[in-house]
Each structure stands twice: as structure tokens, then as C-alpha cells.
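Just add 348 to the spot in the sequence shown (first one is 1) and you have this note's numbering.
Glycine is no exception: its CB is placed at the ideal position from the N, C-alpha and C atoms.
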Amino acid sequence: MKTFSIAIHGGAGTLVKGMMTPELETQYKSALKEALDAGYKILKDGKTAVEAVEMAVRLLEDSHLFNAGKGSVFTAEGTHEMDAAIMDGKTLNAGAVSLITGIKNPVSLCKDVMEKSEHVFLAGNGAMQFAKELNYKIEDASYFYDELRYNQWLEIRDTDSFQLDHSVKKDSKFGTVGAVACDQNGDIAAATSTGGMTNKKWGRVGDSPMIGAGNYANNKTCAVSCTGSGEFFIRGVVAYDVSCLMEYKDMTLIDAADEVINKRILEINGDGGLIAVDAKGNIVMPFNTEGMYRGCKSSNGIEEISIYK
Ligand code: ASP
Numbered sequence: 349m350k351t352f353s354i355a356i357h358g359g360a361g362t363l364v365k366g367m368m369t370p371e372l373e374t375q376y377k378s379a380l381k382e383a384l385d386a387g388y389k390i391l392k393d394g395k396t397a398v399e400a401v402e403m404a405v406r407l408l409e410d411s412h413l414f415n416a417g418k419g420s421v422f423t424a425e426g427t428h429e430m431d432a433a434i435m436d437g438k439t440l441n442a443g444a445v446s447l448i449t450g451i452k453n454p455v456s457l458c459k460d461v462m463e464k465s466e467h468v469f470l471a472g473n474g475a476m477q478f479a480k481e482l483n484y485k486i487e488d489a490s491y492f493y494d495e496l497r498y499n500q501w502l503e504i505r506d507t508d509s510f511q512l513d514h515s516v517k518k519d520s521k522f523g524t525v526g527a528v529a530c531d532q533n534g535d536i537a538a539a540t541s542t543g544g545m546t547n548k549k550w551g552r553v554g555d556s557p558m559i560g561a562g563n564y565a566n567n568k569t570c571a572v573s574c575t576g577s578g579e580f581f582i583r584g585v586v587a588y589d590v591s592c593l594m595e596y597k598d599m600t601l602i603d604a605a606d607e608v609i610n611k612r613i614l615e616i617n618g619d620g621g622l623i624a625v626d627a628k629g630n631i632v633m634p635f636n637t638e639g640m641y642r643g644c645k646s647s648n649g650i651e652e653i654s655i656y657k
């Protein structure tokens, strides 16, 4: 049997070390473990990488700890606008949504865009219309309310500033979420989901739903899910850049990911990290921030859940 593996992240925007309490650390780690184990079980049962990343991301979206689904940050209007993407490395099929509200699990809507529409990327009202036609339940705003995120927004809502959720300022407890997996057939997939940035406006969309920027999968190279300063990850076309270094320069997964996160993205002032797998089940989780909520598990015995370096 081929090696199968999964990696997940809960964002490169961790609490600065001094502010993390043992209780909170336990909460984060157990939320990560739950998502990791659920995704791993799907792979172990012989199901697909796409199913595994969807499951892992759904569970992270259901946790208020991370900036995706339930824990999404507040926009300048005091609402929640979520972005997400999923990609199947076997077929290069992909589905993405942006600027959606009220959807409990944006990653599943992405999977439906991929499998039930002729399109790749649906945004705003149109994406919501698509969800309604598929009978998605629209959650009340109270489902997405989180006191800490609300207070964070109150602090900056009357200013022009917006806060990247990877920020090491103050008590940033944020985190876009993502998963990458390699199944027993050697097929790989990636999924990413986020609430974006606190106090964002003008329909701001980050890298997370953009195929090639925050999310990408191709059996020939790798499956990647990113987290970090979206504006820079878009300009760096980060996820696809890792894939290109492997495809065109014959680099290994570890070297390609390291080159992008510890060199190229830093050169344009971007910060953050990524998780990636290749079709042999190798896993990498580089980041250039103080920490990144992350975890990985592989049929060859690797298992890790970590926050800081
Ligand atoms: N990349 C996300 C965005 O810019 C934020 C994050 O990764 O936490 O929307």
C-alpha cells in the first residue's frame, strides 16, 4: 500500500507566545487533533484525498478558535464574508467561493461548485444564489458571533485600518484554515477556508479562494494550502509557485516550499506559511512567522501537532 498522509493548518497568525495560556494551547491542539484524525480516518478507509481535506476543513470551520466558518472575523460593516477553495490534484478540477455569508461550511460549497456547476469560482450574491438552489441552510449572524473577534473589530472599526489575521500585534488569535492530503491511490488535494481580515471592506478578497495563490493541487507536483498576508500571497502566486519549482526546476517538495516561504515571499515583504504534500505522501509545513497552528499524520508513522517553531 502506498503511503497516505494529511496535513492541516489553522493559520499562521498565532497568539504571541507570551499570551498563550496552557488551557488555550490545549484547546487549539485538541481542535487540530480532531480535524486531523477525522481526515486521516477517511484516508485510512480508502476514500479520496478530496473527501479527506473537505472533512478536516469542515471541522476547523466548525470551531470558533479559527478564522473560518464559525470563527470568521468581522468586516468593516460588522458582517462576515468568507472565502474558500478546494482543488483535486488528480483531475485539476477546482471549486472556489468568495464574499459569502451565512454558510456554515464554505468548503463544502466549494466542492459543490467543483462537482455540480460548470464553473470554478463563484462570488457574492451569485454564490449565495447557487447555495440556495442546493438548499444550503443560511445561518443567522449569531452563529458566527465570537466575543473576542467582536472586541477586536470594535477597536479598529472607526479607523481605516484592517488587521491581517496573521498579525503578531496584540492578542491576534486568528487563523485561516486548510488541509492537504495524499490518499492510498497517490491522488492529492488541497482545501483552504477563511474569514479574511478584520475590518476588511470594498469586497476585499484574499489569496485563500484564488486557485494558484492560496490553494493548488496537481498530482504531478504537490497540493498546497497557504496562510498569511493575502495581498502578498496573491502577488507571489505562492501555491502555484511551489508547484512550478517542482515541475520546471525539478526541485523536491521540501526545497520548493522552503524557497517560496523563506525567500521569495519574504523578498516582497509577505509573511505566513503553507502546508503541502506530494503524491508520495511527503509532507512539509514551513512558515516565516512566530508560529502556525498545524498538524500532520502519515501512514508511515509521522504524527505532529504544533503551534510554535
Ligand atoms: N490569507 C488570508 C487572507 O489574506 C489570511 C490568513 O491566512 O490568515 O485572507
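Notebook entry, point to check: So, do the segment 458 to 471 and the segment 487 to 503 have three or more beta carbon pairs nearer to each other than 8 Å?
Noted result: no
Notebook entry, point to check: Under the rule that 16 or more other beta-carbon atoms within 10 Å means buried, what is residue 617, buried or exposed?
Noted result: Position 269 of the sequence shown holds residue 617. Around the beta carbon of residue 617, a 10 Å sphere encloses fewer than 16 other beta carbons of the protein chains shown; the residue is thus reported as exposed.
Notebook entry, point to check: Among residues of its own chain, excluding the 5 on either side of residue 471, which ones have a beta-carbon nearer than 6 Å to its beta-carbon?
Noted result: The residue labelled residue 471 in the question sits at position 123 within the sequence shown. Within the same chain, residue 471 has close Cβ partners 446, 447.
Note to self: So if DSSP puts residue 631 in a beta bridge, which residue, or which two residues, is it bridged to?
What the structure shows: Walking along the sequence shown from the start, residue 631 turns up at place 283. 625.
Check: Among 524, 571, 412, which one has its Cα closest to the Cα of residue 626?
Finding: Here residue 626 is taken as the residue at index 278 of the sequence shown, counted from 1. Selected option, being the one with the closest Cα: 571.
Next item on the list: Please specify which runs of the alpha helix (DSSP H), each continuous and at least 4 residues long, are wholly inside the segment 464 to 528, giving them in chain order.
Entry: Taken in chain order, the unbroken stretches of alpha helix (DSSP H) that lie wholly in the segment 464 to 528 and span 4 residues or more are 472 to 481, 495 to 504.
Notebook entry, point to check: From which residue to which residue does the beta strand (DSSP E) around residue 572 run?
Noted result: Here residue 572 is taken as the residue at index 224 of the sequence shown, counted from 1. Run containing residue 572: 571 to 576, per the beta strand (DSSP E) assignment.
Check: Is it the case that the Cβ atoms of residue 397 and residue 530 are separated by a distance below 8 Å?
Finding: The residue given as residue 397 occupies position 49 in the sequence shown. The residue given as residue 530 occupies position 182 in the sequence shown. Contact annotation: residue 397 and residue 530 have beta-carbon atoms nearer than 8 Å.
Note to self: For the ligand ASP, I want to know if residue 359 counts as a neighbour, meaning its beta carbon is within less than 7 Å of at least one of the ligand's heavy atoms.
What the structure shows: If you number the sequence shown from 1, residue 359 lands on position 11. Yes, the Cβ of residue 359 comes within 7 Å of a heavy atom of the ligand ASP.
Next item on the list: With a threshold of 7 Å, establish whether the CB of residue 422 neighbours any heavy atom of the ligand ASP.
Entry: In the sequence shown, the residue the question calls residue 422 occupies position 74. False, no ligand heavy atom lies under 7 Å from that Cβ.
Item checked: Exposure label - residue 506; buried when at least 16 CB within 10 Å -> Along the sequence shown, read from residue 1 onward, the residue named residue 506 stands at position 158. Flag for residue 506 reads exposed.
Notebook entry, point to check: Roughly how far, in whole angstroms, is the beta-carbon of residue 381 from the beta-carbon of residue 621, given that I think they are within contact range, below 8 Å?
Noted result: The sequence position of residue 381 within the sequence shown is 33, counting from 1. The sequence position of residue 621 within the sequence shown is 273, counting from 1. In fact, because the Cβ distance is near 19 Å, the residues do not count as touching under 8 Å.
Next item on the list: Answer with buried or exposed for residue 420, where buried requires no fewer than 16 other C-beta atoms within 10 angstroms of its C-beta.
Entry: The residue you call residue 420 lines up with position 72 of the sequence shown. The residue in question, residue 420, is buried, as its Cβ has 16 or more Cβ neighbours within 10 Å.
Margin query: Check whether the segment 384 to 398 and the segment 551 to 562 touch, using three or more Cβ-Cβ pairs below 8 Å as the test.
Written below: no
Next item on the list: Please work out which residues of its chain come closer than 7 Å, Cβ to Cβ, to residue 521, disregarding the five sequence neighbours upstream and downstream, and give them in chain order.
Entry: One-based indexing of the sequence shown puts residue 521 at position 173. Confidence is the limiting factor: at residue 521 the pLDDT is only 39, short of 50, which leaves the residue's position unreliable, though a coordinate-based value still follows. These residues qualify, in order along the chain: 363, 496.
Next item on the list: Give a yes or no on whether the C-beta atoms belonging to residue 510 and residue 545 are separated by under 8 Å.
Entry: Within the sequence shown, the letter at position 162 stands for residue 510. Within the sequence shown, the letter at position 197 stands for residue 545. In this structure, residue 545 lies closer than 8 Å to residue 510 by Cβ.
Check: Start and end of the alpha helix (DSSP H) containing residue 640?
Finding: Here residue 640 refers to the residue found at position 292 when the sequence shown is read from its first residue. Per DSSP, residue 640 belongs to no alpha helix (DSSP H); it is in the beta strand (DSSP E), 639 to 646.
Check: By the 10 Å Cβ neighbour count, where 16 or more other Cβ atoms means buried, how is residue 349 classified, buried or exposed?
Finding: In the sequence shown, residue 349 corresponds to position 1, counting from 1. Exposed: under 16 other Cβ atoms inside 10 Å.
Notebook entry, point to check: Hey, would you say the C-beta of residue 545 is under 7 Å away from at least one heavy atom of the ligand ASP?
Noted result: Stepping through the sequence shown from its first residue, residue 545 is reached at position 197. Yes - the ligand ASP has a heavy atom lying nearer than 7 Å to the Cβ of residue 545.
Check: Are residue 536 and residue 555 close, meaning C-beta to C-beta below 8 Å?
Finding: By 1-based counting over the sequence shown, the position of residue 536 is 188. By 1-based counting over the sequence shown, the position of residue 555 is 207. Their beta carbons are not under 8 Å apart, which means residue 536 does not touch residue 555 by this criterion.
Item checked: Buried versus exposed call for residue 705 [16 or more other C-beta atoms within 10 Å across all chains shown] -> Summary: the structure shown does not reach residue 705, with the chain confined to residues 349 through 657, and so no result is reported for it.
Check: Under a Cβ-count criterion, where at least 16 other Cβ atoms within 10 Å of its own Cβ denotes burial, should residue 526 be classed as buried or exposed?
Finding: The sequence position of residue 526 within the sequence shown is 178, counting from 1. Counting Cβ neighbours within 10 Å, residue 526 comes out buried, since at least 16 surround it.
Next item on the list: Run the proximity test for residue 620: is its beta-carbon closer than 7 Å to any non-hydrogen atom belonging to the ligand ASP?
Entry: Start at 1 with the first residue of the sequence shown, and residue 620 comes out as number 272. Answer for residue 620: yes, Cβ within range of the ligand ASP.
Check: Where do the ends of the beta strand (DSSP E) carrying residue 447 lie?
Finding: Walking along the sequence shown from the start, residue 447 turns up at place 99. Looking at the DSSP string, the run of the beta strand (DSSP E) that includes residue 447 is 442 to 448.
Next item on the list: Report yes if the CB atom of residue 491 is closer than 8 Å to the CB atom of residue 418, and no otherwise.
Entry: As a first step, residue 491 must be located in the sequence shown, where it is residue number 143. As a first step, residue 418 must be located in the sequence shown, where it is residue number 70. Yes, they are a contact pair.
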